[in-house]
Every structure is written in C-alpha cells, then in structure tokens.
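Each step along the sequence shown adds one to the number in UniProt numbering, with nothing skipped, and position 223 is 223. The beta carbon of each residue, even a glycine, is placed where N, CA and C say it ideally should be. Quick caveat, the model's predicted, so the values are computed rather than measured. Reviewing the structure listed below.
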Amino acid sequence: MWRSGLNSRSTTTAQALKEKKWDALVIGSGHNGLTAAAYLARGGLSVAVLERRHVIGGAAVTEEIIPGFKFSRCSYLQSLLRPSVIRELELKRHGLKLLKPTATTFTPCLDGRYLLLGHDDERNYLEISKFSKYDADAFPRYENQLYKFCKLMDFVLDSQAPETLHWDSSFTAWMRDKLEKSVFWAQCLRHVMALGQKDMVNFMDLLLSPTSKVLNKWFESDILKAVLAGDAIVGSMASIHTPGSGYVLLHHVMGETDGERNVWSHVEGGMGSVSTAISNAAIEAGASIMTNAEVSQLMIGNSGTIEGVLLADGTRVRSSVVLSNATPHRTFLGLVPRDALPEDFLRAIENSDYNSGTTKINVAVDKLPWFHCCGSNNTEAGPQHTATIHICSESMDNIGSACQDAQNGLPSKRPVMEMTIPSSLDKTISPPGKHVVSLFTQYTPYKPSDGSWENPTYREAYAKRCFSLIDEYAPGFSSSIIGYDMLTPPDLEREFGLTGGNIFHGATGLDSLFFMRPAKGWL
C-alpha cells in the first residue's frame, strides 16, 4: 500500500533531544498535545513533542493512502476546536483555512424524499414542512433552547476544571487552590442563575434523559428525529434509549465556525492541516517536534518525581514535567510504572469505558455520488454534497436496530453512516473530476462474535455491505470506487493509539465528563 505522511516533520535531532533537560515533554502530537506545546513554548518554556508515528496530528491527520487522494483518516470535520485557541495561536496565519459547507445536513430517503438543512431559517422551515408542519414550527424553539444551554457549556469548556489536591501542599498552594475553586463555582452559579429555574430544569432534563425521549417530546416526524439523534451517538456504543445520551445533542449547536453556531467545516488540505497549523504556531514559539520517537516508559525517581521518559530505542529524554496526549489507559497502565500510582486510581482507570462502535472508511471515487432523490444526475457538486449526509438514518428505529445488532456482538446489518465529501469544496485533495468520500460508520463491535477484523474476507464483507447500502440511495456508488482505506476499532487502537477504538479517549457519559475525567476525584 503506497502512503505518504503529508504533515511529517521533525524539528530536532535525536542527539539534541537527549543532550538537554527540557522544561516540559509532550507525549504524542495529536492536536491537543500540539496545542499544549504551543502555549507552553509561548510562555518561554523549552518544550519537546515526542510522536510515535512518522507523521504528526494523531487522529487529526491527512495521509495519501491512494496516489492522488488525500484522506482525513480519522477526524473529518472541524467545529469543536475552541475559538480562543484559533485566535490566540493565530492558526489562520499559520495556514488554517476552513471551508464552510453550503448545507449542514442531507438525509436521503428510500421513498424518494429527502431532508436538506442549511444556514437559512426560512429554507429549513420549508424543508421540514415537507414532513411535518408541527416540527417546522418547533425546530427554531428547539435550537434556541440549545443555544441558551451553550452559554453555560461555553463557560465550562473554557474554564480550568477545579482539580483535587492529593498530595501534601504548602499553605500558599492550599489557599490558591481554595481561591481558584471559589472563583470557578461562583462564576458557574452566576451562569446557572442566568438560565433561571425553568431553563435549568429543562437543561437537567436534557442531561439526564435518553435522546429518544428528548426528541419525542419535541418532534413527530421520524426523519427529523433521526437526523438530530445522529448527533448523540457519534463515536459511542450507546443507544439513543440510554439515559444521559441526550447530553450529546448539545453538539448539534456547540460547534462553530468563525462565530457561527452549528457549522461543521471541512478544512483545506484535510484535517492534518489543523495539526500542521498548530505545530507551526508551536515551532514559531520555540517548541521542538520529533517524529518516529515512541515513548516506552516514564522515568520515575526514587522520590516519586518525574525525571523524563525512555524512548523505545533506549534514548533517555530528561524533564521534570511530562504531559501525555495518549489515552489515560495507555498513559497510566502502559507508560507509568504500576507502583508509582495509587491502587484506587489504577482500578478506576482499568474500569473506564472505552467501548467504541466506530469503523471509518475512506474512499476514493471516480465521480460524485448521485442521489436519486435529487432528480437529474448533475456532475457538479450541489449543496447536498457539501453537507453531512446521513445514510440509513430515516428513523430512530433504524439507529436503534443498528445499535442492537452491535450489543448482540454483531456488526450492524444496516450500519448508520455519516458520509462527507470534502472534495466537493476542497480541490487540493483529489485529482480533477475525482473525489474523496469519508464514511463514519456505526456500529461495529471491537470483537465481533461472528468473525474477526483480522480476517481480510470478514473486513471486506463489512465494507461491501456499507457500499451496497449506499447504492440504494446513490445508484452506482460501488462501481465508482477506485480504492478505500478501512479502520475498525482494533485498527484505530493499533495505528492511532485510541484505546478500544474510542475516538474520545474514553466514553462521554455523564459519569466521565469534566472533573469526573479521567476518573472521579483524580482530575
């Protein structure tokens, strides 16, 4: 398989790496690790980023698997990167270019109808009215309520979580900790009071309820409920009937592009361009980045303090501060000597939920998919091609059945798929007239009961099942395929270090968010 890493870089030599004691080391060059390195370097610290792979970016990476086609192999849309990070690190100056889709979501139906939503409220009203006048009236109220909740969520996301002190501290440190926590909780209370009792009750209802219950309260049409429910199950093994799954509905409006809510953008050059822009900012600030530098263990001194890391090739890199961009499971159970950590903490990490039902398929095609519900077969990209396209998602029952298959140990018979076609807007990632198609499919168990992802025939059968289902909505899709790259949960774990194939470094249930992450009492 021919491959090139499009954002491969090393800015320091192995000799230079081990000759000095660094102020801080960052394990892994995912976008979070690169962001930490950039801010630390801007603060005047000497920082080295150590990346296991030949290419930076972690799951935000662009790779040319098939000659001429540049795939965003894992993450595929940009929206949740905090606006403050984009602004403060000047990522646009460092090459980040966001491509706003013409429409937001497109859901084709087998009966020839479709739902196309976008940025125009009047147009959205007409589209939803095709299925339900009641829902068309309710939809703006639903979104407005979520926007209210996002003001509180924005505060939480942009705040430093109140940490728990576990070691003996000086009186000064203890007082600073108390003051910081008091400030945080006072500001949090202010945002809660700004919501008012009615909205706060509605917010708690959203957080604690199943997605299906929330949407059934608001809407009557199957297709609109299914489109919105898709936001709540991305990357998880949770059912839409699971209590607490309603929280992820907020992702419908939490994302933004250039200040506009609910806009999930493509990135010119693929998602690796996000990582490249952050790395450019980090390097400009003085950070060093080393690829092909796998960390095998953290070095802990006799006093229990960090002394640096040991690389897989035996190189020792010294620092008294180490940040890990690896998953908590990989960091604390794979890199840190077991006797260096409390047993109750280790048990909490061992019992963390890393279940994932995600298989990502990146496809090179020789023409744009044609959706028969859209009428004439136009070779030019339309609004539907720029949107997030929902396949096999015409009702919440479709999603529930797909999830139930996986809970029974089987890949979904009719997987729920999010299709995106970044080349509909980005002409830099595919040859002229040809396109890149991203398929985010669910649900696929890590260890299916009827076969193994290590079996090429089993893998191919699942890919062909997905392609055949797309043919039902876009005839001829299968015959347009030039080649594809497929990443099952074990592949995501092995190649990108995502424990269990979970794209969030662990499940995002209410019991594992904010200061409950990575484990309660151990932020």
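Cβ-heavy atom distance between Asp111 and the ligand ZN below 7 Å?
Ligands in the displayed structure: none, and consequently the ligand ZN is not present.
What residue range does the alpha helix (DSSP H) around Leu179 cover?
Boundaries of the alpha helix (DSSP H) harbouring Leu179: 171-208, taken from the DSSP string.
Simplified DSSP assignment, three categories, for His435
In the displayed model, His435 falls within a strand according to three-state DSSP.
Could you name the residues that DSSP lists as bridge partners for Leu115?
In DSSP, Leu115 forms a bridge with Thr107.
Residue range of the unbroken alpha helix (DSSP H) whose run includes Gln404
396-407 is the extent of the alpha helix (DSSP H) around Gln404.
For Arg414, which residues in the same chain have their Cβ closer than 8 Å to its Cβ, ignoring the five residues on either side in sequence?
Close CB contacts of Arg414 within its chain, under the 8 Å cut and outside five residues either way in sequence, are with Cys392, Asn398, Ser401, Ala402, Leu469 (chain order).
Nearest-angstrom Cα distance between Pro518 and Leu91?
Distance between Pro518 and Leu91, taken at the CA atoms: about 29 Å.
Which one of Gly476, Thr291, Arg459 has the shortest CA to CA distance from Asp491?
Looking from the CA of Asp491, the closest CA among Gly476, Thr291, Arg459 belongs to Arg459.
Decide if Phe171 is buried, meaning its Cβ has at least 16 other Cβ atoms within 10 Å, or exposed.
Exposed is the call here.
Since I believe Ile233 is in contact with Gln442 (beta carbons under 8 Å), could you give me their beta-carbon distance rounded to a whole number of angstroms?
Rounded, the Cβ-Cβ distance is 7 Å, consistent with contact.
So Met271 and Ser84 are supposed to be a Cβ contact under 8 Å. How far apart are they, rounded?
The distance from the Cβ of Met271 to that of Ser84 is about 20 Å, inconsistent with a contact at the 8 Å cut-off.
By the three-class DSSP mapping on this structure, what secondary structure does Gln145 have?
If DSSP states are grouped into helix, strand and coil, Gln145 belongs with the helices.
Would DSSP call Ala16 helix, strand or coil?
Residue state, collapsed to three classes: helix.
Residue span of the alpha helix (DSSP H) that contains Glu64, given as start and end:
Premise fails: Glu64 lies in the beta strand (DSSP E), 62-66, not in any alpha helix (DSSP H).
Start-to-end residues for the alpha helix (DSSP H) that takes in Ser273
Counting along the chain, the alpha helix (DSSP H) containing Ser273 begins and ends at 272-284.
Rounded Cβ spacing between Ser449 and Phe467 (contact assumed at less than 8 Å)
Contact flag wrong, Cβ pair sits at about 23 Å.
For Asp485, which of helix, strand or coil comes out of DSSP?
Secondary structure at Asp485: strand, using DSSP grouped into helix, strand and coil.
Give me the Cα-Cα distance between residue 536 and Ser75, rounded to the nearest whole angstrom.
The displayed coordinates of the chain run from 1 to 523. Any statement about residue 536 would go beyond what the structure contains.
Consult DSSP for Gly301 and reduce its assignment to one of helix, strand or coil.
Assignment of Gly301 by DSSP, reduced to helix, strand and coil, places it in the coil class.
Going by Cα to Cα distance, which pick from Gly68, Thr358, Ala381 is closest to Ala364?
For the residues Gly68, Thr358, Ala381, the minimum Cα distance to Ala364 belongs to Gly68.
Could you check whether Ala463 and Tyr484 sit closer than 8 Å to each other, using their CB atoms as the reference points?
Cβ atoms of Tyr484 and Ala463: closer than 8 Å.
What residue range does the alpha helix (DSSP H) around Ala463 cover?
It spans 456-473 - the alpha helix (DSSP H) in which Ala463 sits, taken as one unbroken run.
Evaluate Phe514 with the Cβ neighbour count: other Cβ atoms within 10 Å of its Cβ, from every protein chain shown; 16 or more gives buried, anything less gives exposed.
With fewer than 16 neighbouring CB atoms inside 10 Å of its own CB, Phe514 falls in the exposed class.
Once DSSP output is grouped into helix, strand and coil, what is the label at Ser72?
Here Ser72 sits in strand by DSSP.
Collapsed DSSP secondary structure at Met290 in the structure displayed
The three-state reading of DSSP puts Met290 in strand, counting E and B together.
DSSP has Gly255 in a bridge; who is on the other side?
Under DSSP, Gly255 shares a beta bridge with no residue.
Ignore the nearest five residues each way along the sequence and tell me which others in Pro210's own chain have a CB closer than 7 Å to its CB.
For Pro210, where only same-chain residues beyond five positions count, the Cβ hits under 7 Å are Ile240, His241, Thr242, Pro243, Ser245, Gly246.
Could you check the C-alpha separation between Gly451 and Ala186 for me, to the nearest Å?
Approximately 53 Å, taken between the alpha carbons.
Evaluate contact between the segment 321-334 and the segment 22-30, counting only Cβ atoms and requiring at least three cross-stretch pairs below 8 Å.
The segment 22-30 and the segment 321-334 touch, with three or more beta-carbon pairs separated by less than 8 Å.
Where Gln442 falls: helix, strand or coil (DSSP)
Correct three-state label for Gln442: strand.
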